[in-house]
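To start, the structure itself, in structure tokens.
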Amino acid sequence: MTAKTVPVETFDLVIFGGTGDLALRKLLPGLFRRYADGQIPEDSRVVGVARDTLSDAEYRARVSEALAAVIGNEPVLQAKLAPFLARLGYHALDATKDEGWQGFADELLAHGDRIRVFYLSTSPGLFVDICNRLRAHGLNGGKSRVVIEKPIGKDSASAAVINDAVGSAFSESQIFRIDHYLGKETVQNLMALRFANILFEPLWNSNYVDHVQITVAETVGLEKRAGYYDTSGALRDMVQNHLLQLLCMVSMESPAAMRADAVRDEKLKVLRSLRPITAEDAAALTVRGQYRAGASNGGAVPGYVDELAALEAGRTDSRTETFVALKAEVDNWRWAGVPFYLRTGKRLAERVSEIVIAFKPVPHSIFEQTAGPVMANKLVLRLQPDEGVKLWLMIKDPGPGGLRLQHVPLDMSFAEAFGVHQPEAYERLLMDVVRGNPTLFMRRDEVEAAWKWIDPILAAWETMRDSPRPYTAGSWGPGAAVALIERDGRTWHEDAA
Ligand code: NAP
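FYI, this note's numbering numbers position 300 of the sequence shown as 300, with every residue one higher than the one before it.
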């Protein structure tokens with residue numbers, strides 16, 4: 001079954017960094033799928049930009065290679081490859097030099113007043129240059145939009161520099177700060193579960209919710225991103241954006257409507273309600289870790305520092321955290337006293353991203369001890385892999401004999417049941433940019449509020465001067481992360497089904 005799609009208006013999408021990893025692995029496959037589904041009008045164009053001198057044909061060949069894994073043996077997709085590639089062009093440009101920009105702008109403007117999306121899939125160090133040049137060449141008009149990727153800075157001050165630079169060329173309504181976690185099917189489903197059902201919302205507060213867990217675990221190590229990652233670390237790379245955005249989606253009040261600013265206003269209120277983690281309580285509320293050698297993805301892997309040394313000659317030490325666990329509190333009426341446990345890391349036991357809403361236990365059990373324990377309900381939203389939603393319930397063990405209880409998951413993942421292809425987050429988000437719908441993108445004040453909460457944690461870690469706690473690659477992080485939650489009489493969720 002094919003999901004229903006509504007075609008978007010004709011557009012030109014320019015990918016700065018069109019030969020890079022993100023473009024070839026996510027953006028172009030996402031665009032191809034939308035094209036294959038008939039959502040992209042035939043006269044739309046995608047233009048890759050990078051410094052490498054490539055002809056259109058050479059660029060198409062590179063993209064074709066990148067799409068091979070998406071297409072596989074599906075004849076329908078194979079038939080769409082050639083017409084999709086025909087929509088692609090390439091322009092060699094150095095974002096930091098004026099040369100070639102006039103010709104690039106003339107070529108785009110010759111196509112008239114159409115939607116133009118500029119996707120900045122380059123290092124953030126180039127955002128200022130690119131935006132200034134787009135403005136200088138008149139490419140920032142009303143129908144233009146600019147998409148910027150994380151990291152938006154490494155603290156409040158550097159985020160402000162990026163936002164100012166982009167904001168001097170484009171108005172806020174033209175700027176799409178992407179956090180691809182918000183485009184995931186399960187995150188959309190969280191909105192539907194919460195606000196299109198009467199069942200959950202009355203329970204969605206400190207009277208019934210015991211705590212919330214958000215886990216984003218990766219099995220990969222540094223990959224090729226040593227230069228960036230070692231100056232960032234897990235708190236900046238994952239918590240400031242993805243995990244805090246998920247926390248907002250779980251805990252925000254109902255927006256008045258599913259309109260961009262209504263949703264973003266509610267998320268902003270959450271970010272501003274986060275209790276600050278100060279230098280005094282950072283040691284008790286946060287855990288930093290760094291992986292040592294171990295086993296991951298079925299093989300032996302080196303520790304973080306050795307991996308770093310192999311990628312960056314001369315490196316013998318690093319205090320960068322590859323794991324963070326922390327306990328956050330949302331200081332408002334709805335969530336007072338409900339801890340939000342967040343954890344994320346590299347080289348962990350499993351690749352999994354999930355949100356767990358752990359409800360309180362029933363106030364009193366009427367069952368005999370022989371029935372077994374009455375476990376608390378849990379709603380588990382899995383973002384990856386196998387996106388889906390499970391509601392853990394107590395039921396009677398089926399069959400004759402004495403009444404025994406069982407804790408079982410009710411699988412509420414309907415996309416699979418309907419046989420619908422679950423779109424990748426980038427597919428949905430790219431089409432939202434073309435439509436000019438910023439609901440699932442971060443507004444400037446959200447990014448700023450998130451950094452305002454993160455900055456004091458970074459400062460506290462700086463003054464602590466200790467090193468991240470070691471953990472073995474392939475484990476669930478340092479023991480202190482387990483202690484962080486078990487101290488409160490709770491445990492990290494493990495999906496037993
Ligand atoms: P990448 O593989 O290093 O690609 C960078 C691209 O920028 C290349 O196409 C490069 O081509 C181009 N480039 C570099 N300098 C340029 C210049 N002066 N003028 C024009 N183009 C230039 O990086 P990436 O992994 O795709 O990441 C791109 C951005 O997305 C980064 O900000 C990253 O943090 C963010 N991001 C990436 C991922 C991911 O999965 N990869 C995920 C989330 C966010 P030339 O060298 O030929 O110019």
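Quick reminder that beta carbons are idealized off the backbone N, C-alpha and C, glycines included.
(request) With distances taken Cα to Cα, identify the nearest neighbour of A349 among D52, Y471 and S158. (result) Y471
(message) Please report the straight-line C-alpha distance between F127 and P373, rounded to a whole angstrom.
(response) 56 Å
(message) Following a CB-centred definition, is G20 positioned closer than 7 Å to any heavy atom of the ligand NAP?
(response) yes
(message) I want to know whether the segment 318–336 touches the segment 479–486 - three or more CB-CB distances under 8 Å.
(response) yes
(request) Quick one: residues in its chain with C-beta nearer than 6 Å to the C-beta of A256, no 5 flanking neighbours on either side, listed in chain order? (result) A262
(message) Report the start-end ranges of each alpha helix (DSSP H) in the segment 242–308 that is 4 residues or longer and not cut off at the edges.
(response) 244–251, 260–273 and 282–285
(request) Please go through the same chain and pick out, in chain order, the residues whose beta-carbon is closer than 8 Å to the beta-carbon of T316, but skip the five residues on each side of it. (result) V305 and A309
(request) Closer than 8 Å by C-beta to G489: which residues in its own chain qualify, once you throw out the five before and the five after it? Chain order, please. (result) none
(message) Could you check whether the segment 405–412 touches the segment 223–242, counting it as contact only if at least three pairs of C-beta atoms, one from each stretch, sit closer than 8 Å?
(response) no
(message) Starting from Q188, trace the alpha helix (DSSP H) in both directions and tell me its first and last residue.
(response) E185 to F195
(message) Going residue by residue through the segment 385–433, where are the continuous beta strand (DSSP E) segments of at least 3 residues, counting only ones entirely within it?
(response) 388–396 and 405–411
(request) May I have the straight-line CA-CA distance separating V356 from S171, to the nearest angstrom? (result) 37 Å
(request) Since I believe Y119 is in contact with L182 (beta carbons under 8 Å), could you give me their beta-carbon distance rounded to a whole number of angstroms? (result) In fact, because the Cβ distance is near 16 Å, the residues do not count as touching under 8 Å.
(request) Could you tell me if P423 is buried or exposed, where buried requires 16 or more neighbouring beta carbons within 10 angstroms of its beta carbon? (result) buried
(message) Is K150 near the ligand NAP - that is, is its Cβ less than 7 Å away from at least one heavy atom of it?
(response) yes
(message) Beta-carbon within less than 7 Å of G89's beta-carbon, same chain only, minus the 5 sequence neighbours each way: which residues are those?
(response) R45, V47 and D56
(message) Is it buried or exposed, H111, if we count other Cβ atoms within 10 angstroms and call 16 or more buried?
(response) exposed
(message) Taking the straight line between their C-alpha atoms, what separation do you get for G299 and V352?
(response) 19 Å
(request) Could you please give the first and the last residue of the uninterrupted alpha helix (DSSP H) stretch that includes S232? (result) A226 to S232
(request) With distances taken Cα to Cα, identify the nearest neighbour of G345 among T219, I198 and G72. (result) T219
(request) Report the rounded CA-to-CA distance for R60 versus R177, giving the unit in angstroms. (result) 27 Å
(message) Under DSSP, the beta strand (DSSP E) around S144 begins and ends at which residues?
(response) S144 to I148
(message) Using the three-state DSSP reduction, which class does R62 fall into: helix, strand or coil?
(response) helix
(request) Provide the residue span of the alpha helix (DSSP H) that contains Q174, from first to last. (result) Segment: none, Q174 is in no alpha helix (DSSP H) and carries neither H nor E.
(message) Measuring only the C-alpha atoms, how far is R347 from G289?
(response) 11 Å
(message) From the DSSP secondary-structure annotation, give me the bridge partner or partners of M442.
(response) R177
(message) I'd like to know if the segment 31–41 and the segment 1–19 are in contact, where contact means that at least 3 CB-CB pairs between them fall below 8 Å.
(response) yes
(message) Quick check on this structure: which residue in G399, W333, I152 and Y208 has the alpha carbon closest to the alpha carbon of L274?
(response) W333
(message) So the candidates are P151, V146 and L109; which of them puts its Cα closest to the Cα of G125?
(response) P151
(request) Quickly, what does DSSP pair E31 with across the bridge? List them, please. (result) In the sequence as presented, Glu is not what sits at residue 31; that position holds Leu. Note: L31 sits in no beta bridge, so no partner.
(request) Run the CB neighbour count on T286, radius 10 Å, all protein chains shown included, and call it buried at 16 or more, exposed below. (result) buried
(message) Considering Cα atoms alone, identify which of P400, G399 and L393 is closest to Q406.
(response) L393
(message) Rounded to the nearest angstrom, what separates V301 and E448 at their Cα positions?
(response) 37 Å
(message) Considering only the alpha carbon of each residue, which of L24, A283 and N189 lies closest to E462?
(response) A283
(message) Tell me the residue span of the alpha helix (DSSP H) that contains L339.
(response) Inspection of the sequence shows that residue 339 is occupied by Pro rather than by Leu. From DSSP, P339 is part of no alpha helix (DSSP H) but of the beta strand (DSSP E) over P339 to G345.
(request) Output the boundary residues of the beta strand (DSSP E) element that contains E354. (result) V352 to F359
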